[in-house]
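Chains as they are written, first to last, in the numbering used here: chain A, 1 to 273; chain B, 274 to 546; chain C, 547 to 819; chain D, 820 to 1092; chain E, 1093 to 1365.
For each residue, glycine too, the CB sits at the ideal point set by N, CA and C.
Small disclaimer: the values here were computed from a predicted structure and weren't measured.
Beneath this line is the structure, given in structure tokens, with notes to follow.
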Amino acid sequence: MPSEHAPETIEGWYALHQIFTVDRAALRAEAPSSLEYMRDRAAVALGELASPGVEGWSAVVPLVGSSADVMLLHFRASLDELGEAQRRVAREPLFDLLRPLYTFLSVTEAGLYTATAQLAAEAATRGGALGDATYAEQMSQRVDAERASAHVKRRLFPPLPSEMPYVSFYPMSKRRDAQQNWYTLPLEERSRMMQAHGLTGRRYAGRVVQIITGAIGLDAWEWGVTLFARDPLDFKKLVTDMRFDEVSAKYAEFGDFYVGRVCPPDEWVASLP
Amino acid sequence: MPSEHAPETIEGWYALHQIFTVDRAALRAEAPSSLEYMRDRAAVALGELASPGVEGWSAVVPLVGSSADVMLLHFRASLDELGEAQRRVAREPLFDLLRPLYTFLSVTEAGLYTATAQLAAEAATRGGALGDATYAEQMSQRVDAERASAHVKRRLFPPLPSEMPYVSFYPMSKRRDAQQNWYTLPLEERSRMMQAHGLTGRRYAGRVVQIITGAIGLDAWEWGVTLFARDPLDFKKLVTDMRFDEVSAKYAEFGDFYVGRVCPPDEWVASLP
Amino acid sequence: MPSEHAPETIEGWYALHQIFTVDRAALRAEAPSSLEYMRDRAAVALGELASPGVEGWSAVVPLVGSSADVMLLHFRASLDELGEAQRRVAREPLFDLLRPLYTFLSVTEAGLYTATAQLAAEAATRGGALGDATYAEQMSQRVDAERASAHVKRRLFPPLPSEMPYVSFYPMSKRRDAQQNWYTLPLEERSRMMQAHGLTGRRYAGRVVQIITGAIGLDAWEWGVTLFARDPLDFKKLVTDMRFDEVSAKYAEFGDFYVGRVCPPDEWVASLP
Amino acid sequence: MPSEHAPETIEGWYALHQIFTVDRAALRAEAPSSLEYMRDRAAVALGELASPGVEGWSAVVPLVGSSADVMLLHFRASLDELGEAQRRVAREPLFDLLRPLYTFLSVTEAGLYTATAQLAAEAATRGGALGDATYAEQMSQRVDAERASAHVKRRLFPPLPSEMPYVSFYPMSKRRDAQQNWYTLPLEERSRMMQAHGLTGRRYAGRVVQIITGAIGLDAWEWGVTLFARDPLDFKKLVTDMRFDEVSAKYAEFGDFYVGRVCPPDEWVASLP
Amino acid sequence: MPSEHAPETIEGWYALHQIFTVDRAALRAEAPSSLEYMRDRAAVALGELASPGVEGWSAVVPLVGSSADVMLLHFRASLDELGEAQRRVAREPLFDLLRPLYTFLSVTEAGLYTATAQLAAEAATRGGALGDATYAEQMSQRVDAERASAHVKRRLFPPLPSEMPYVSFYPMSKRRDAQQNWYTLPLEERSRMMQAHGLTGRRYAGRVVQIITGAIGLDAWEWGVTLFARDPLDFKKLVTDMRFDEVSAKYAEFGDFYVGRVCPPDEWVASLP
């Protein structure tokens, strides 16, 4: 049995999700002047990270209904710049009074399942193989075309969705059990399921924006899903609908969920005790 | 194989379960005057949360037989108001001396399995499909009728059951294994099992009140079950009977259980060392 | 497929297992007079809990070969009285220097599998059903007879076994896998396996005493097993034999094991640094 | 389906594995005189435990390549004497500056699979049954003979292997899955696999010494394996070979591994900061 | 069913991966002179470990996108020398202000699957068996030849790849489920899958360097994979491609992933607060 083929993917910004709890007792134990100093510079730092001099952005998402208190989102063009954002946060004395609870490293991803399946089928028709010279040339053209499309650009270099302040983030992986193994399914079958799954998401267009990030080779979980919505009830509606999609029902494993509402950095800093 | 359909659901109040342990050594280390100040304002805060100016309520449930010490329950009309209740608790210095052990975010839910299965069957009879215009119109009428019914109102906007002071809370999910996958079962089969499951609950009418909250898209667990009883032995009797229901025996996964007895906020605060 | 039936059960005392580690550094850091004060009142409190004015008893079990240091056992007639015992322990300043590691809430239980299976078979013979009026009346008589028997009384209201100072406690559940699901087995099959399992236990009569407590609806684990023995090697012999019983081999899941030796409260308090 | 039979076993010394991490910051924070006092008496205590006035021995094994720092091994003739050794360690102030990470309670065990299978076969031939009077008498003679053999004595009362300073310890259990269940296999099949497994071990005679301890009824894991070797690479070679043995490949579950090198107590104490 | 055979392996340097979090609050609480003292000597110690007087090397890898902050890599010729490197780090007061989060002990390994399968096939052809005298002699020659080859030397005694500063480390094991059990597969089948897996790695030659270390008998995970790349996106590309290899898709279990960038010791020390 030959191994199955990975779909072609295009990557954009590196992404970092940082989830913290606040040590309120420690905050309250600080002298007012010391705390004010910490707050002021943290607000400046988070503000600069939100609109860095380089590509990308950061956002502050106070959490609701979680044991954690706040999630920071960072998108940057390179791993080094992402590391710089992370170190910038770590240098802030205010963050000595927060404890990191969970951290997720990934990179924005557009999966070209349909294109991969089409070109593989064409290769079979012409007696060639997935990965041969003709396939490689055709795929290279497709990748260039996709990269240039506005739709793919929005997925690889996503803006912070305005007027959709609610956020739900969760990591996920595809199952590799003996009887339900995503990684041994034929390419066409995976392509078909991903296409149907995409239609479920499209029914929520205008109500929910999804940022999909890939983490294979970078994290124990394989993907991150960061949802933005106008109404948080749409997280429940969308994720429920998706859980009945064949690809999720049979092949998805989910991590923890973190729900919150985007907040200007200075407002969040001011809300701390 | 097409994906199966989610049942129609109606949602009401957002719900937050907060479970804390008390750091008794820290409490005892506080100066009496400081502790009294903390207690007094915490009693006021919890009292105001219990009967907030807005829709909903909060309750204090000291736990028995758990490593945790107390559970707070909050029901509110919006995620923002729920977040406000959570921040109100966090602002109390007394809660610096408690440690959050577990937190669960969900929203009250009435699942319309029977209606969904009926309208889907009718759609099939008339040659239509679940989700087509006729179906959507019929479902919209059913949802409106259900929302208006006293029975559904009690499920979406549940009062704190008086004379049923004992509480048992646990989160749960439906199984998605290769051989026992709730999310790949046909709608009618799920509808049949949920109906039988409901009958088990009804045998305990007048003895146990159930609040069912949905958490898909909001939490790693998919549902929360909050039981209230006159006699705590009925938790054992009811949950045992339900565990033999086909839907639980084959498709339910359970989290931890938290058992306690509702207590006026000021009494609980006074009981701390 | 109809759901299977739960066996009839009779319950007695509520039970609480509390497992603690001792913070020896904190104990040694206390001033001698303060420590003596703590010790003295803790010895008094534990002594009073051992022989409370109400029904039931408590015991102190220093552990051997565990990361935890001591287990407290409490049996009381009601959940409220059990909660009172728990709060009595929590009020002791000495217990600020111990950390709770594990806690298990349950209630003594006698399962009437044989009676349930017999009456169900009779009901089938007479064309009736498990749970109909005749069955209910017959079962009610059986329950009354069982409750009055010395054998069942010892299971529901167990004395602290004298001359059997060694203790082994572990929680357990019945498996609910697709291929090995206790909760979908026919009543007669479960009854047969439980009867055979009981015979294994009876071979150790006079050497090992078992207290079985049920925890469905109260705890994540479904049962607690508290063994008392004259010779701790009998824990190994008995549990090994039982692990080969069909009911355990195929359907049992086990939690952690805690082994120790019952000790008078004042001796245990005196043994602390 | 009748339950399968447990093999006869003979037990010897009780065993305790204690694994600690060192709180180096706390050690360095101690005044030099206080630290010297702690070190001196700890060296004395560990030295006395190594060669106690009673049967058995203890050893100090500083760990390499583990988050933990040191493992103490204790073998004693009774659970009470083992508990005394544990309390002796706990009484040392130096151990207030170490944190227990893992603890494993067990008892040395020689499993008589071959004898059990033989006598069971003979019983079947003569129309009797495993456990009948003839079987019991024959087994009693076999147990006596085994107990008297030098080979079994070395397994039940193992000396600390000299010239084999490297140690690898891990707990393990036998699998009880629906499709791979050790506890439902016929006695002869288990006997056959254990015999083959023993041959793998014998190929390492003179290079690796194994101490097998049983923990059913005492610990969540069912057995402990403590290996001693002249060359630590033999741990990798032996355990790899064994992992391909049918009994391990299909039926073994492993816990964490702890690797180190035996060290005289006073040298270890002197090596602390 | 006879047990399957382990492949012949050759081992080289022992390896230790140490992963730490930095306690920034504790660092900032140190007096500047004390901190400078700690930094200076830690920089010296890490510099000496990087180029020790003995065989092997160490490296400092600050992590990006992880809850941990830094990974230390150590390669040494013996377990004792590896232990000495570990103790050298532990003696540094600066490391009192870091907390060990994860530690992995292993040894570089070259698996001779192809040679083992070939010689086993030849043995079968000549009517002999894997492990007989002829096989042993032939294998001994093959091992000597492999050990002498530059390719195998690079795998057993790997230099720190220059111009490939990015690192991704993760532990892994082979699956032992009833339906997907690596350890019960015939040798030829394992050999075939490992060969195909090797081809995937070779497609990344010049872009990604892999160090494979074996940990059976030393750690709960069976292997460690330490990848070095010029472009961190190649971690995602390579590991994704490999996840579709039959050997990974069906038989691999993965631990956590740690991603970072190699940094001179003194630069890392200087970057701390």
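Between the CA atoms of residue j and residue i - distance to the nearest angstrom
{"i": "Pro186/A", "j": "Ser1265/E", "result": "25 Å"}
{"i": "Gly752/C", "j": "Tyr456/B", "result": "51 Å"}
{"i": "Leu308/B", "j": "Glu365/B", "result": "12 Å"}
{"i": "Ala798/C", "j": "Arg907/D", "result": "37 Å"}
{"i": "Glu1378/E", "j": "Glu1100/E", "result": "Nothing can be reported for residue 1378/E, as the shown portion of chain E is limited to 1093 through 1365."}
{"i": "Met412/B", "j": "Pro432/B", "result": "27 Å"}
{"i": "Lys1245/E", "j": "Ala363/B", "result": "59 Å"}
{"i": "Leu1171/E", "j": "Thr1200/E", "result": "12 Å"}
{"i": "Val22/A", "j": "Trp268/A", "result": "12 Å"}
{"i": "Pro52/A", "j": "Ala409/B", "result": "47 Å"}
{"i": "Ala795/C", "j": "Arg995/D", "result": "7 Å"}
{"i": "Gly950/D", "j": "Leu931/D", "result": "14 Å"}
{"i": "Ser612/C", "j": "Gln564/C", "result": "14 Å"}
{"i": "Thr933/D", "j": "Gln1014/D", "result": "8 Å"}
{"i": "Ala816/C", "j": "Arg1049/D", "result": "45 Å"}
{"i": "Ala323/B", "j": "Asp313/B", "result": "15 Å"}
Nonlocal neighbours in the same chain, by C-beta distance under 8 Å from residue i, ignoring five residues either side
{"i": "Phe1112/E", "result": "Ala1160, Asp1161, Val1162, Met1163, Leu1164, Phe1187, Leu1190, Arg1191, Pro1192 and Leu1193"}
{"i": "Arg1022/D", "result": "Asp1060"}
{"i": "Thr1226/E", "result": "Ala1215, Arg1218 and Gly1220"}
{"i": "Lys510/B", "result": "Tyr477"}
Per-residue contacts from residue i into chain A (C-beta, under 9 Å)
{"i": "Val1354/E", "result": "What Val1354/E touches in chain A: nothing, since even the nearest Cβ is about 13 Å away."}
Reference residue i, options the options, closest by Cα
{"i": "Gly875/D", "options": "Pro984/D, Arg945/D and Glu903/D", "result": "Glu903/D"}
{"i": "Ser975/D", "options": "Ala948/D, Val873/D and Ala929/D", "result": "With the sequence shown as reference, residue 975/D is identified as Leu, and Ser is not the correct amino acid for it. Cα-wise, what sits closest to Leu975/D is Ala929/D."}
{"i": "Leu1018/D", "options": "Asp1064/D, Tyr932/D, Gln998/D and Ser981/D", "result": "Asp1064/D"}
{"i": "Tyr287/B", "options": "Arg449/B, Leu378/B and Gln452/B", "result": "Leu378/B"}
{"i": "Tyr258/A", "options": "Pro538/B, Leu491/B, Arg516/B and Ser544/B", "result": "Leu491/B"}
{"i": "Glu11/A", "options": "Val143/A, Glu163/A and Arg24/A", "result": "Val143/A"}
Contacts that residue i makes with chain A (C-beta to C-beta distance below 8 Å)
{"i": "Arg1116/E", "result": "Ala90, Phe95 and Asp96"}
Within chain C, partners of residue i - CB distance below 8 Å
{"i": "Gln905/D", "result": "Val610 and Gly611"}
{"i": "Ser441/B", "result": "Gly763 and Leu764"}
Neighbouring residues, chain E, relative to residue i (Cβ below 7 Å)
{"i": "Pro1092/D", "result": "Arg1183"}
Cβ shell of residue i (< 6 Å), same chain only, five flanking positions each side left out
{"i": "Val1066/D", "result": "Met1012 and His1016"}
{"i": "Thr1045/D", "result": "Phe988 and Ile1030"}
{"i": "Thr389/B", "result": "Pro280 and Glu281"}
{"i": "Arg574/C", "result": "Pro819"}
{"i": "Pro171/A", "result": "Phe104, Trp221, Gly224 and Gly255"}
Chain B contact residues for residue i, given Cβ-Cβ distances below 7 Å
{"i": "Thr730/C", "result": "Ala522 and Lys523"}
Contacts of residue i in chain B (Cβ-Cβ under 8 Å)
{"i": "Leu233/A", "result": "Glu284 and Val380"}
{"i": "Glu550/C", "result": "Phe517 and Ala522"}
Contacts that residue i makes with chain A (C-beta to C-beta distance below 7 Å)
{"i": "Gln1233/E", "result": "By Cβ distance, chain A contributes nothing, its closest Cβ being about 33 Å from Gln1233/E, past 7 Å."}
Within chain C, the residues that residue i reaches when beta carbons sit closer than 9 Å
{"i": "Glu827/D", "result": "Going along chain C, no residue has its Cβ under 9 Å from Glu827/D, so there is no contact; the nearest lies around 10 Å."}
Residue i CB to nearest heavy atom of the ligand SAM below 7 Å
{"i": "Thr671/C", "result": "This structure lacks the ligand SAM, and indeed carries no ligand of any kind."}
Contacting residues, own chain, Cβ-Cβ under 7 Å from residue i (five flanking each side not counted)
{"i": "Ile1352/E", "result": "In the sequence as displayed, the identity of residue 1352/E is Gly instead of Ile. Around Gly1352/E: Val1153, Pro1154, Leu1155, Val1156, Met1163 and Val1259."}
{"i": "Glu550/C", "result": "Tyr729, Thr730, Leu731, Pro732 and Leu733"}
Proximal chain D residues relative to residue i, where beta-carbon distance stays under 7 Å
{"i": "Ala1270/E", "result": "Asp996, Gln998 and Gln999"}
Beta-carbon neighbours of residue i, restricted to chain E and to distances below 9 Å
{"i": "Pro100/A", "result": "Thr1113 and Ser1159"}
Cross-chain neighbours of residue i in chain C, by beta carbon under 7 Å
{"i": "Val512/B", "result": "Ile762 and Gly763"}
Complete runs of the beta strand (DSSP E) confined to the segment 1017-1043 of chain D [at least 3 residues]: Fully enclosed beta strand (DSSP E) runs of no fewer than 3 residues occupy 1027-1033 of the segment 1017-1043 of chain D, in order along the chain.
Those runs of the beta strand (DSSP E) which lie wholly inside the segment 897-954 of chain D and span at least 3 residues: Taking only runs of at least 3 residues, the beta strand (DSSP E) segments lying wholly in the segment 897-954 of chain D are 917-930.
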